[in-house]
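For the sequence shown, the positions run 19 to 464 when our numbering is used.
Read through the structure below, which is laid out as structure tokens, and then see the notes.
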Amino acid sequence: MVVGGGLAGIAAALECASAGAAVTLLEARGRLGGAAYSFTRDGIVADNGQHVFLRCCTAYRDLLSRIEASDLVTLQPRLAIPVLAPGGEVAWLRRSGLPAPLHLAGALLRYPFLPARERASLALAMRALGTVDPEDPAADARSFGEWLAAHHQSPRAVEAMWDLIARPTLNLLVEDASLAQAAYVFQQGLLRDRAAGDIGFARVPLGEIHDVAARRALAQAGVEVRLRQGVTAIVPESEGFRVEAGAVAPLTADGVILAVSQLRVGRLLPPGSGVDPARLARLGTSPIVNLHVVYDRPVFDQPFAAGVRTPVQWIFDRTSGSQREHGQYVAISLSAADAELDMTVEELRQRFLLALAELLPAARGAEVETFFVTREHAATFRAAPGARALRPGTRTSIDGLVLAGAWTDTGWPATMEGAVRSGLAAAREVLRVAVRKSELGAAVAA
Ligand SMILES: Cc1cc2nc3c(=O)[nH]c(=O)nc-3n(C[C@H](O)[C@H](O)[C@H](O)COP(=O)(O)OP(=O)(O)OC[C@H]3O[C@@H](n4cnc5c(N)ncnc54)[C@H](O)[C@@H]3O)c2cc1C
């Protein structure tokens, strides 16, 4: 039994089914995809938040291929990020064909938003970050912002470069993030393999991938998916588990993968699980806000861009097929958006339409046809100093009850990749227990 149909639950269910298990997946909502989903508003199919992955997200990319959705995403052949500043200035962060970390040297040395001295200092700090051990508890206890200051990174360098990468990947400001987690992200994405940081994104609404394609693949794999079945209790019994889900008759299972968010897991864990919900609560959460803007004409000629010296962190072109004839739909993604979370729609509209007009000359004369906001208050857990020690592994103290979710101890920050990896790890663990029990049963019978 898999409880929760986010990416962790989907990956776990497929893995168990491919090993020959009879799998039922219970999902509280009327769709799969969890935190990465789409909805329709004002005639637009929008994502709750822009979701980006990197070439190094191998587990997520394998899942895409498993659910036959690889052609619904785009993966850059080579990392290339346009960085926009007010006044229409554009710089490119492009990788070269040199081996990592030299593949970024050219882009950093030419980067116009920092003076030459700070660019050199940035390159040195990047190299030093490559030597930080992400497994070191002392690095996890330390703030990334404090480490950057100790490595002579000015507030300008933080704004123009470090935040550009750390904020969307960690969903925290550098001063709030764990050094170990930041080192992990930079090492995985930028410092070890020149192709690792190539950026991927969905070409279609996320629901077509994480709900429609996933459901099709699960059905083909023989997984029974039950939507709108919020699990209320998991009760260990002598021969497995009883799983209660609202008004329907209780179900039974040999093993249970609990793949809900860290906010929900506490109330479902039976006594004796060995997982302390109070510790999970200490992980905390961090918000993401997205602004959805439809202009009456094209204003932006890139699939995405980052911003400096502007409140616009990242902007994505989300215009689909026929929309393109009428205008352009762009989405602004704001990570660690504590300030924006409290702003009214009107305040956000005033501030960000002005900022877009400063970045995109073509937006100045364009009419805004639609503007709406999506707020994810608890988008991710906080990869803050000390977070690693709070993230539990897959196993619980109850044989056959295992945990999955981006918040478990995968090493990754709260990402689609982390979610899928956690699901695969949980599947391996529950299958291991099942094999052991059946061997035991066979031995007893013999
Ligand atoms: C706005 C936003 C932007 C993001 N951007 C990125 C990005 O660019 N790149 C990236 O890699 N990641 C990004 N993330 C993070 C990523 O979406 C998550 O880390 C990942 O989707 C989490 O998957 P999960 O399966 O662990 O958990 P979830 O997606 O939370 O899935 C848990 C599921 O359990 C279900 N559930 C809960 N309680 C019950 C119950 N009692 N019974 C049955 N089912 C239950 C829920 O309905 C949900 O479907 C973003 C997240 C947000 C919110």
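Positions of the beta carbon are idealized from the N, C-alpha and C atoms, including for glycine.
Where the alpha helix (DSSP H) containing PRO186 begins and where it ends: Where PRO186 is concerned, the enclosing alpha helix (DSSP H) stretches over 181 to 188.
Straight-line gap, ALA506 to ALA445 (C-alpha atoms, nearest Å): Since the displayed the chain opens at 19 and closes at 464, residue 506 lies outside it and no answer follows.
Close beta carbons around ARG160, own chain, < 8 Å, minus the five adjacent residues each side: Cβ within range, chain order: SER196, LEU197, ALA198 and PRO403.
CB contact flag (ILE275, VAL438, <8 Å): Contact: no.
Assigned secondary structure, ILE28 (DSSP; H/G/I helix, E/B strand, else coil): The three-state secondary structure of ILE28, taken from DSSP, is helix.
Assumed close pair LEU32, ARG79 - CB separation to whole angstroms, cut-off 8 Å: For LEU32 against ARG79, the beta-carbon gap comes to about 14 Å, at or over 8 Å, which does not count as contact.
For ILE416, the residue or residues it bridges with in DSSP: Per DSSP, ILE416 has no beta bridge partner at all.
One or two residues paired with ASN308 in a DSSP bridge: DSSP, once it has assigned bridges, lists SER351 and THR392 as partnering ASN308.
Which listed residue (VAL101, HIS228, GLU193 and VAL203) has its alpha carbon closest to that of LEU90: Ranking the options by Cα distance to LEU90, first place goes to HIS228.
PHE71 versus GLN320: straight-line alpha-carbon distance, rounded: If I take the Cα positions, the gap works out to 17 Å.
Alpha carbon of THR270 to alpha carbon of LEU182, nearest angstrom: Rounded to the nearest angstrom, the two C-alpha atoms are 48 Å apart.
When ALA407, PRO152 and ALA373 are compared against TRP332, the one with the closest alpha-carbon: Of the residues ALA407, PRO152 and ALA373, the one whose Cα lies closest to the Cα of TRP332 is ALA373.
6 Å Cβ shell around ALA422 - same chain, five flanking residues per side excluded: Cβ neighbours of ALA422 beyond the five flanking positions: ALA26, ALA30, ILE275, ALA277, SER440, GLY441 and ALA444.
Local Cβ density within 10 Å of SER256, reported as buried at 16 or more and exposed below that: Of the residues assessed, SER256 falls on the exposed side of the cut-off, its CB having fewer than 16 other CB atoms within 10 angstroms.
Any non-hydrogen atom of ligand 1 within 7 Å of ARG336 CB: Residue side-chain check: ARG336 keeps its Cβ at 7 Å or more from all non-hydrogen atoms of ligand 1.
Validate contact between the segment 311 to 318 and the segment 33 to 48 using beta carbons, cut 8 Å, 3 pairs: Contact between the segment 311 to 318 and the segment 33 to 48 is absent, because fewer than three Cβ pairs lie under 8 Å.
Rounded Cβ spacing between ALA349 and HIS310 (contact assumed at less than 8 Å): The beta-carbon separation of ALA349 and HIS310, rounded to 5 Å, stays under the 8 Å limit for a contact.
Three-way DSSP call (helix, strand, coil) for ALA460 in this model: It is helical.
Distance CB(LEU286)-CB(TRP425) smaller than 8 Å: Not in contact: LEU286 and TRP425 (Cβ atoms no closer than 8 Å).
Nearest to GLY225 (by Cα), restricted to the options GLY24, LYS455, ALA463 and PRO100: Of GLY24, LYS455, ALA463 and PRO100, the smallest CA-CA separation from GLY225 is found for GLY24.
For ALA237, the residue or residues it bridges with in DSSP: ALA237 is not bridged to any residue.
Through-space distance from ALA407 to PRO152, alpha-carbon basis: Roughly 12 Å separates the two Cα atoms.
The segment 377 to 393 in contact with the segment 166 to 182 per 3-pair CB rule at 8 Å: As far as the Cβ criterion goes, the segment 377 to 393 does not touch the segment 166 to 182, which means the pair count is below three.
Beta bridge counterpart(s) of THR58 as assigned by DSSP: DSSP lists VAL63 as the beta-bridge partner residues of THR58.
Buried or exposed by the 16-neighbour rule on C-beta atoms within 10 Å, applied to PRO117: Exposed.
Buried or exposed by the 16-neighbour rule on C-beta atoms within 10 Å, applied to GLU447: Label assigned to GLU447: buried.
Endpoints, alpha helix (DSSP H) assigned at TRP430: Run containing TRP430: none; DSSP gives neither H nor E here.
Cβ-based burial, TRP110 [other Cβ within 10 Å; buried from 16]: Of the residues assessed, TRP110 falls on the exposed side of the cut-off, its CB having fewer than 16 other CB atoms within 10 angstroms.
GLN346, buried or exposed, once every other Cβ within 10 Å from all chains shown has been counted against 16: Flag for GLN346 reads buried.
Where the beta strand (DSSP E) containing ASP335 begins and where it ends: The continuous beta strand (DSSP E) containing ASP335 extends over residues 332 to 335.
LEU50 and ALA239 closer than 8 Å at C-beta: Result no, Cβ atoms of LEU50 and ALA239 do not sit closer than 8 Å.
Endpoints, the beta strand (DSSP E) within which GLU226 is located: Taken as a continuous stretch (DSSP letters only), GLU226 belongs to no beta strand (DSSP E), as it is neither H nor E.
Separation of THR187 from ALA138, as counted between CA atoms: When rounded, the distance between both Cα atoms is 24 Å.
Simplified DSSP assignment, three categories, for ARG300: When DSSP states are grouped into helix, strand and coil, ARG300 belongs to the coil group.
Residues near ALA141 by beta carbon distance below 8 Å, same chain, minus five either side: The residues are ALA123, LEU126 and LEU127.
Reduced DSSP category for VAL317 - H, G, I as helix; E, B as strand; rest coil: Residue state, collapsed to three classes: coil.
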